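Down below is the structure, laid out as structure tokens.
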Ligand code: SF4
């Protein structure tokens with residue numbers, strides 16, 4: 009497993025929080041208008057130079073909706089010219105035209121990711137809060153396929169759609185996307201507890217995803233459900249088959265990434281976070297070095313230390329592969345080193361030793 013102490017594998021820049029959708033679960037609680045304190049075009053160029061100093065991490069332009077920025081293509085061009093593998097996650101609004109998709113391709117964007125949260129228009133648009141979003145999503149995927157732009161489909165799994173995963177997977181297959189990224193809820197922004205699944209239901213979804221992965225022509229990864237890696241490792245250990253996707257496409261994947269560990273998030277106003285779901289700032293790019301914050305800030309360093317994890321995550325043999333969602337631990341318990349509340353796995357020996365209180369509370373309180 010790669011050592012992420014020097015440089016992230018993945019940098020996510022929230023170029024704006026402006027967006028014309030009103031998604032039920034939106035992490036950013038996005039609004040139609042751009043924030044006056046958003047990083048400017050020049051500050052964006054400076055940020056791209058700082059990111060390049062890490063080497064060649066993957067840079068994701070996210071939002072809100074990146075297409076709400078008039079200077080988006082200048083920034084994308086700067087990123088591509090700097091030699092960064094650049095990807096984008098536009099929102100499915102009328103701004104996402106076939107022409108915009110072709111322009112991504114022409115600019116040198118390596119992959120476009122779009123969200124698909126339902127198997128039909130009623131389910132998806134109900135989730136996204138705007139009629140027509142399902143149609144625009146499928147049209148954008150078609151436009152990308154037609155112009156040779158690699159794609160990824162993001163799905164947030166909740167109580168509202170977890171019985172539709174097979175049908176959504178069929179749409180991913182039809183779209184010829186390279187990757188299906190399945191997000192699990194973190195209770196931040198507009199996300200509601202009533203939409204989240206239980207730890208046992210997470211395992212059922214893992215089983216489902218694993219079965220789909222055995223024949224799917226695309227890769228499957230989870231976001232904020234790091235314990236899917238534990239599930240797959242357990243299945244393989246038990247003699248299970250290997251997923252069929254095979255890591256195709258221009259963007260290879262890395263094992264062991266977690267919030268602050270191989271992952272770095274920069275907010276629309278320049279705050280440096282371990283993840284978009286874990287808003288504990290290590291400073292602002294307007295005043296501190298991005299590299300210094302990633303390598304040496306206390307929050308990032310402790311997040312990369314598997315031995316600092318509390319409770320059963322700290323005792324777990326999968327802690328370096330998985331480590332649980334630090335964002336979910338923070339959102340639910342207020343302690344980002346606490347065990348992931350949506351993992352039902354009990355490490356061998358942990359139950360016998362007794363569920364010792366998390367040692368992490370005092371550590372995180374000091375950060
Ligand atoms: S106990 Fe923690 S580290 Fe172990 S599999 Fe569950 S979430 Fe991952």
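Numbering (my numbering), first residue to last: 9 to 375. Yeah, the Cβ is synthetic: ideal placement off N, Cα and C, and Gly gets one too. Here the structure is a predicted model, which means the values were calculated and not measured.
Look at the Cβ atom of residue i, then the Cβ atom of residue j, and state whether they are nearer than 8 Å.
| i | j | result |
| --- | --- | --- |
| residue 187 | residue 227 | yes |
| residue 246 | residue 329 | no |
| residue 76 | residue 26 | yes |
| residue 339 | residue 345 | no |
| residue 312 | residue 284 | no |
| residue 151 | residue 106 | yes |
| residue 148 | residue 109 | yes |
| residue 113 | residue 155 | yes |
| residue 350 | residue 210 | yes |
| residue 301 | residue 288 | no |
Exposed or buried, what is residue i when buried is set at 16 or more other beta-carbons lying within 10 Å of its beta-carbon?
| i | result |
| --- | --- |
| residue 46 | buried |
| residue 221 | buried |
| residue 171 | exposed |
| residue 272 | buried |
| residue 160 | buried |
| residue 304 | exposed |
| residue 315 | exposed |
| residue 317 | buried |
| residue 282 | buried |
| residue 24 | buried |
| residue 207 | exposed |
| residue 119 | buried |
| residue 201 | exposed |
| residue 89 | exposed |
| residue 295 | exposed |
Under 6 Å Cβ to Cβ from residue i, same chain only, skipping five residues before and after it: list those, please.
| i | result |
| --- | --- |
| residue 97 | 70 and 121 |
| residue 324 | 355 |
| residue 144 | 100 and 104 |
| residue 175 | 127 |
| residue 142 | 129, 132 and 133 |
| residue 310 | 316 |
| residue 87 | 56, 67 and 94 |
| residue 366 | Residue confidence is low: residue 366 scores 41 on pLDDT, short of 50, so the model does not pin down where it sits. No coordinate-derived value is stated. |
Spatial neighbours of residue i within its chain, please: CB distance less than 7 Å, with the 5 preceding and 5 following residues excluded, ordered by chain position.
| i | result |
| --- | --- |
| residue 243 | 218 |
| residue 238 | 326, 329, 330 and 353 |
| residue 125 | 132, 135, 136, 163, 164 and 169 |
| residue 348 | 235, 321, 332, 333, 336 and 337 |
| residue 82 | 49 |
| residue 42 | 24, 26 and 76 |
| residue 62 | 15, 16 and 299 |
Please list the terminal residues of the continuous beta strand (DSSP E) segment that includes residue i.
| i | result |
| --- | --- |
| residue 229 | 227-231 |
| residue 189 | 187-192 |
| residue 104 | Note, residue 104: premise wrong, no beta strand (DSSP E); not H, not E. |
| residue 124 | No beta strand (DSSP E) holds residue 124; DSSP gives it neither H nor E. |
| residue 212 | It is not in any beta strand (DSSP E) - residue 212 instead sits in the alpha helix (DSSP H) that spans 207-221. |
| residue 160 | 158-165 |
| residue 274 | 270-274 |
| residue 94 | 93-96 |
| residue 142 | From DSSP, residue 142 is part of no beta strand (DSSP E) but of the alpha helix (DSSP H) over 141-155. |
| residue 20 | 18-22 |
Expressed to the nearest angstrom, what Euclidean distance is found between the alpha-carbon atoms of residue i and residue j?
| i | j | result |
| --- | --- | --- |
| residue 22 | residue 322 | 31 Å |
| residue 236 | residue 137 | 29 Å |
| residue 123 | residue 290 | 29 Å |
| residue 129 | residue 66 | 32 Å |
| residue 94 | residue 358 | 42 Å |
| residue 192 | residue 230 | 7 Å |
| residue 84 | residue 52 | 10 Å |
| residue 286 | residue 17 | 18 Å |
| residue 13 | residue 139 | 44 Å |
| residue 73 | residue 111 | 16 Å |
| residue 373 | residue 342 | Reliability fails at residue 373, whose pLDDT of 32 lies under 50, so the model's placement of it is uncertain and no value is given. |
| residue 249 | residue 225 | 15 Å |
| residue 223 | residue 178 | 12 Å |
| residue 241 | residue 214 | 12 Å |
| residue 233 | residue 292 | 28 Å |
| residue 319 | residue 20 | 29 Å |
| residue 117 | residue 153 | 14 Å |
| residue 157 | residue 184 | 11 Å |
With a threshold of 8 Å between beta-carbons, can residue i be considered close to chain C, or not?
| i | result |
| --- | --- |
| residue 271 | Annotation note: the requested chain C is absent from the structure, which comprises a single protein chain. |
Which residue marks the beginning of the alpha helix (DSSP H) containing residue i, and which one marks its end?
| i | result |
| --- | --- |
| residue 240 | 235-245 |
| residue 322 | 319-323 |
| residue 300 | 298-304 |
| residue 250 | No alpha helix (DSSP H) contains residue 250, which DSSP labels as neither H nor E. |
| residue 88 | 80-89 |
| residue 341 | 334-341 |
For residue i, I'd like the list of residues in its chain whose CB is within less than 8 Å of its CB, leaving aside the five on either flank, ordered along the chain.
| i | result |
| --- | --- |
| residue 92 | 56, 59, 60, 64, 65, 66 and 67 |
| residue 40 | 26, 27 and 28 |
May I ask you to check if the CB of residue i is nearer than 7 Å to at least one heavy atom of the ligand SAM?
| i | result |
| --- | --- |
| residue 133 | As for the ligand SAM, it is missing from this structure, which binds only the ligand SF4. |
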